[in-house]
Amino acid sequence: MKRSFAITSVLEWQKSTLLWKKIALSLFMATLTGFLAQIKIHLGFTPVPVTGQVLGVLLSGVFCGALWGMVSQIFYLSFGIAGIPWFATPTHIFGPTAGYLIGFIFAPFVVGYLIKILKSKTFLTHFLVMLAGVFVIYLCGILWISFYLNISFRKVFFLGVYPFVFIDIVKATVSAFFSHQIFRHKI
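Under the working numbering, think of the first position of the sequence shown as 12, with each following residue one higher.
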(Lines of atoms letter the chains of each structure in order from A; the text may use other names.)
(Lines give C-alpha, C1' and ligand atoms only; values in the text may rest on other atoms or scores of the structure.)
Protein backbone atom coordinates (compact mmCIF):
# COMPACT_ATOMS: atom_id res chain seq x y z
CA MET A 12 0.00 0.00 0.00
CA LYS A 13 1.37 3.39 -0.97
CA ARG A 14 1.80 5.97 1.79
CA SER A 15 0.79 9.57 1.49
CA PHE A 16 3.40 12.27 1.03
CA ALA A 17 2.77 13.66 4.56
CA ILE A 18 3.25 10.29 6.26
CA THR A 19 6.40 9.60 4.26
CA SER A 20 7.73 13.05 5.15
CA VAL A 21 7.14 12.51 8.88
CA LEU A 22 8.97 9.20 8.77
CA GLU A 23 11.85 10.69 6.80
CA TRP A 24 12.23 13.56 9.27
CA GLN A 25 12.03 11.19 12.24
CA LYS A 26 14.60 8.78 10.78
CA SER A 27 16.90 11.52 9.50
CA THR A 28 20.43 11.60 10.82
CA LEU A 29 20.61 15.34 10.22
CA LEU A 30 20.59 17.10 13.57
CA TRP A 31 18.96 20.26 12.23
CA LYS A 32 15.94 18.24 11.04
CA LYS A 33 15.46 16.64 14.45
CA ILE A 34 15.81 20.01 16.19
CA ALA A 35 13.41 21.66 13.72
CA LEU A 36 10.76 18.98 14.23
CA SER A 37 11.22 19.17 18.02
CA LEU A 38 10.84 22.96 17.95
CA PHE A 39 7.73 22.62 15.82
CA MET A 40 6.18 20.17 18.31
CA ALA A 41 7.12 22.44 21.24
CA THR A 42 5.38 25.30 19.45
CA LEU A 43 2.34 23.14 18.72
CA THR A 44 2.14 22.23 22.41
CA GLY A 45 2.36 25.93 23.26
CA PHE A 46 -0.48 26.77 20.90
CA LEU A 47 -2.59 23.92 22.25
CA ALA A 48 -1.99 25.24 25.78
CA GLN A 49 -3.99 28.31 24.77
CA ILE A 50 -7.06 26.09 24.58
CA LYS A 51 -7.96 26.11 28.25
CA ILE A 52 -10.97 25.90 30.47
CA HIS A 53 -10.57 26.68 34.15
CA LEU A 54 -12.75 24.58 36.40
CA GLY A 55 -13.78 26.21 39.65
CA PHE A 56 -13.02 23.31 41.96
CA THR A 57 -9.49 22.38 40.86
CA PRO A 58 -6.28 24.31 40.19
CA VAL A 59 -5.74 22.19 37.06
CA PRO A 60 -7.31 23.58 33.88
CA VAL A 61 -8.52 21.52 30.95
CA THR A 62 -6.07 22.24 28.13
CA GLY A 63 -5.03 21.02 24.72
CA GLN A 64 -1.42 20.48 25.79
CA VAL A 65 -1.69 16.73 26.27
CA LEU A 66 -2.50 16.33 22.58
CA GLY A 67 0.72 18.12 21.63
CA VAL A 68 2.72 16.06 24.12
CA LEU A 69 1.41 12.74 22.80
CA LEU A 70 1.89 13.79 19.18
CA SER A 71 5.48 14.83 19.91
CA GLY A 72 6.17 11.20 20.86
CA VAL A 73 4.50 10.05 17.65
CA PHE A 74 6.16 12.47 15.25
CA CYS A 75 9.57 12.95 16.88
CA GLY A 76 10.12 9.54 18.46
CA ALA A 77 11.16 8.86 22.05
CA LEU A 78 14.30 10.97 22.50
CA TRP A 79 13.40 13.92 20.29
CA GLY A 80 9.82 13.95 21.57
CA MET A 81 11.29 14.37 25.02
CA VAL A 82 13.56 17.12 23.70
CA SER A 83 10.55 18.89 22.18
CA GLN A 84 8.91 19.13 25.59
CA ILE A 85 12.16 20.28 27.19
CA PHE A 86 12.11 23.07 24.59
CA TYR A 87 8.49 23.79 25.50
CA LEU A 88 9.28 24.07 29.21
CA SER A 89 12.51 26.01 28.66
CA PHE A 90 10.86 28.60 26.44
CA GLY A 91 7.96 28.93 28.87
CA ILE A 92 10.34 29.48 31.78
CA ALA A 93 12.26 31.99 29.64
CA GLY A 94 9.12 34.04 29.23
CA ILE A 95 7.05 32.86 26.29
CA PRO A 96 3.52 33.13 27.69
CA TRP A 97 2.26 29.77 26.52
CA PHE A 98 1.69 27.85 29.73
CA ALA A 99 -1.98 27.31 30.54
CA THR A 100 -1.69 29.39 33.72
CA PRO A 101 0.86 32.12 34.59
CA THR A 102 2.15 30.24 37.65
CA HIS A 103 2.09 26.89 35.87
CA ILE A 104 5.77 26.06 36.33
CA PHE A 105 5.82 26.94 40.02
CA GLY A 106 2.28 26.10 41.08
CA PRO A 107 0.23 23.00 41.75
CA THR A 108 0.31 21.93 38.09
CA ALA A 109 4.11 21.78 37.78
CA GLY A 110 4.07 17.99 38.04
CA TYR A 111 2.09 17.74 34.81
CA LEU A 112 4.79 19.76 33.06
CA ILE A 113 7.40 17.32 34.29
CA GLY A 114 5.18 14.51 33.01
CA PHE A 115 5.15 16.25 29.63
CA ILE A 116 8.87 15.53 29.35
CA PHE A 117 8.56 11.81 30.07
CA ALA A 118 5.29 11.01 28.26
CA PRO A 119 6.60 11.46 24.68
CA PHE A 120 9.56 9.25 25.53
CA VAL A 121 7.21 6.48 26.66
CA VAL A 122 4.95 6.97 23.63
CA GLY A 123 7.82 7.06 21.13
CA TYR A 124 9.57 4.08 22.70
CA LEU A 125 6.44 1.91 22.84
CA ILE A 126 5.52 2.75 19.24
CA LYS A 127 9.00 1.74 18.13
CA ILE A 128 8.85 -1.68 19.82
CA LEU A 129 5.21 -2.44 18.90
CA LYS A 130 4.67 -5.84 17.41
CA SER A 131 0.97 -5.21 16.86
CA LYS A 132 0.08 -2.31 14.59
CA THR A 133 -3.65 -2.16 15.40
CA PHE A 134 -5.46 1.04 16.31
CA LEU A 135 -6.20 -0.42 19.76
CA THR A 136 -2.50 -0.96 20.42
CA HIS A 137 -1.71 2.62 19.46
CA PHE A 138 -4.57 3.84 21.65
CA LEU A 139 -3.18 1.89 24.62
CA VAL A 140 0.24 3.45 24.00
CA MET A 141 -1.34 6.92 24.13
CA LEU A 142 -3.10 6.00 27.37
CA ALA A 143 0.30 4.99 28.77
CA GLY A 144 1.53 8.49 27.90
CA VAL A 145 -1.48 10.04 29.63
CA PHE A 146 -0.82 7.83 32.66
CA VAL A 147 2.75 9.17 32.91
CA ILE A 148 1.43 12.74 32.84
CA TYR A 149 -1.19 11.94 35.50
CA LEU A 150 1.32 10.15 37.71
CA CYS A 151 3.74 13.08 37.74
CA GLY A 152 0.89 15.54 38.14
CA ILE A 153 -0.81 13.87 41.08
CA LEU A 154 2.43 13.17 42.91
CA TRP A 155 3.29 16.87 42.72
CA ILE A 156 -0.22 18.08 43.64
CA SER A 157 -0.26 15.76 46.64
CA PHE A 158 3.07 17.16 47.80
CA TYR A 159 2.34 20.80 46.89
CA LEU A 160 -1.11 20.96 48.49
CA ASN A 161 -0.36 18.35 51.17
CA ILE A 162 -3.58 16.44 50.52
CA SER A 163 -4.55 12.78 50.36
CA PHE A 164 -4.35 10.78 47.16
CA ARG A 165 -8.15 10.42 47.22
CA LYS A 166 -8.52 14.20 47.10
CA VAL A 167 -5.74 14.43 44.49
CA PHE A 168 -7.63 12.09 42.17
CA PHE A 169 -10.72 14.29 42.52
CA LEU A 170 -8.69 17.42 41.68
CA GLY A 171 -6.14 16.11 39.20
CA VAL A 172 -7.49 13.06 37.37
CA TYR A 173 -11.25 12.47 37.37
CA PRO A 174 -12.27 15.79 35.73
CA PHE A 175 -9.87 15.15 32.83
CA VAL A 176 -10.27 11.46 32.02
CA PHE A 177 -12.91 11.85 29.29
CA ILE A 178 -11.16 14.68 27.44
CA ASP A 179 -7.79 12.94 27.70
CA ILE A 180 -9.33 9.78 26.24
CA VAL A 181 -10.43 11.93 23.30
CA LYS A 182 -6.88 13.32 22.97
CA ALA A 183 -5.46 9.78 23.17
CA THR A 184 -7.88 8.69 20.45
CA VAL A 185 -6.83 11.54 18.13
CA SER A 186 -3.15 10.82 18.78
CA ALA A 187 -3.69 7.10 18.23
CA PHE A 188 -5.38 7.85 14.90
CA PHE A 189 -2.30 9.73 13.67
CA SER A 190 0.06 7.14 15.10
CA HIS A 191 -1.85 4.27 13.55
CA GLN A 192 -1.93 6.00 10.15
CA ILE A 193 1.80 6.58 10.20
CA PHE A 194 3.02 3.31 11.67
CA ARG A 195 0.43 0.70 10.67
CA HIS A 196 2.73 -0.80 8.06
CA LYS A 197 6.21 -2.10 8.62
CA ILE A 198 8.62 0.82 8.79
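All residues carry an ideal CB built from backbone N, CA and C; glycine is no exception.
Closest by C-alpha distance to residue 199, when choosing among 44, 63 and 45: Outside the displayed range of the chain (12 to 198) lies residue 199, so it cannot be described from this structure.
Simplified DSSP assignment, three categories, for residue 50: Position 39 of the sequence shown, counted from the first residue, corresponds to residue 50. Here residue 50 sits in coil by DSSP.
Candidates 96, 80 and 162, of which the one nearest residue 117 by Cα: If you number the sequence shown from 1, residue 117 lands on position 106. Residue 80 is the option with its Cα nearest to residue 117.
Residue 105 versus residue 58 - alpha carbon distance: On the sequence shown, residue 105 is found 94 positions in, with the first residue counted as 1. On the sequence shown, residue 58 is found 47 positions in, with the first residue counted as 1. Looking at the two C-alpha atoms, the distance is approximately 12 Å.
Residues near residue 149 in its chain [Cβ-Cβ closer than 6 Å; skip 5 each side]: The residue given as residue 149 occupies position 138 in the sequence shown. These residues qualify, in order along the chain: 172.
One or two residues paired with residue 61 in a DSSP bridge: The residue you call residue 61 lines up with position 50 of the sequence shown. Bridge partners of residue 61: 52.
Three-state secondary structure (DSSP) of residue 12: Sequence index remark: in the sequence shown, residue 12 carries index 1 (1-based). Low confidence applies to residue 12: its pLDDT is 49, below 50, so where it sits in the model is not reliable enough to give any reading.
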